[in-house]
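Enquirer: First, the structure itself, so that you have it in front of you.
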Amino acid sequence: MAEYKMQFRDGFLDRTKLMSGLKTDEAFAGAIGVSESVLARAKKTNECTPLMLIGLYKAFGFQPGEVSQIRPVENMGKTA
Numbered sequence: 001m002a003e004y005k006m007q008f009r010d011g012f013l014d015r016t017k018l019m020s021g022l023k024t025d026e027a028f029a030g031a032i033g034v035s036e037s038v039l040a041r042a043k044k045t046n047e048c049t050p051l052m053l054i055g056l057y058k059a060f061g062f063q064p065g066e067v068s069q070i071r072p073v074e075n076m077g078k079t080a
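At position 80 of the sequence shown (counting the first as 1) the number is 80 in the UniProt record's numbering, and the numbers step up by one without a gap.
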């Protein structure tokens, strides 16, 4: 059975930070209600957490479909 993850749309976090006018990751993270480490992890993995989704809605009014999409997770190393 396939597994799925909720991931940010390609380039979403960088575009949103630019659009917001916030200059630092610290300020952007604070605006969406997460720590810098949570933001850094999201940028690295592209995984969208419910907390970030809610923060982006509260700060900028984004709806879930604008922010993320569901993608299959590749099961590397598993054999049938």
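Glycine included, C-beta positions come from ideal geometry on N, C-alpha and C.
Could you compute how far the alpha carbon of ALA24 sits from the alpha carbon of MET1?
Expert: Per the sequence shown, the amino acid found at residue 24 is Thr instead of Ala. THR24 and MET1: Cα-Cα distance of roughly 41 Å.
Enquirer: Between the beta-carbon of VAL67 and the beta-carbon of ARG15, is there less than 8 Å?
Expert: Cβ atoms of VAL67 and ARG15: not closer than 8 Å.
Enquirer: Buried or exposed: which applies to ILE70, given that a residue is buried once 16 or more other Cβ atoms fall within 10 Å of its Cβ?
Expert: exposed
Enquirer: Beta-carbon within less than 7 Å of LEU22's beta-carbon, same chain only, minus the 5 sequence neighbours each way: which residues are those?
Expert: PHE28, ALA31
Enquirer: Nearest CA to the CA of LEU13: which residue from MET6, GLY55, LYS43?
Expert: LYS43
Enquirer: For MET19, tell me which candidate among PRO64, ALA59, VAL73, GLY65 has the shortest Cα-Cα distance.
Expert: ALA59
Enquirer: From which residue to which residue does the beta strand (DSSP E) around ILE70 run?
Expert: Per DSSP, ILE70 belongs to the beta strand (DSSP E) from 68 to 73.
Enquirer: To the nearest angstrom, report how far apart GLY65 and LYS5 are at their CA atoms.
Expert: 14 Å
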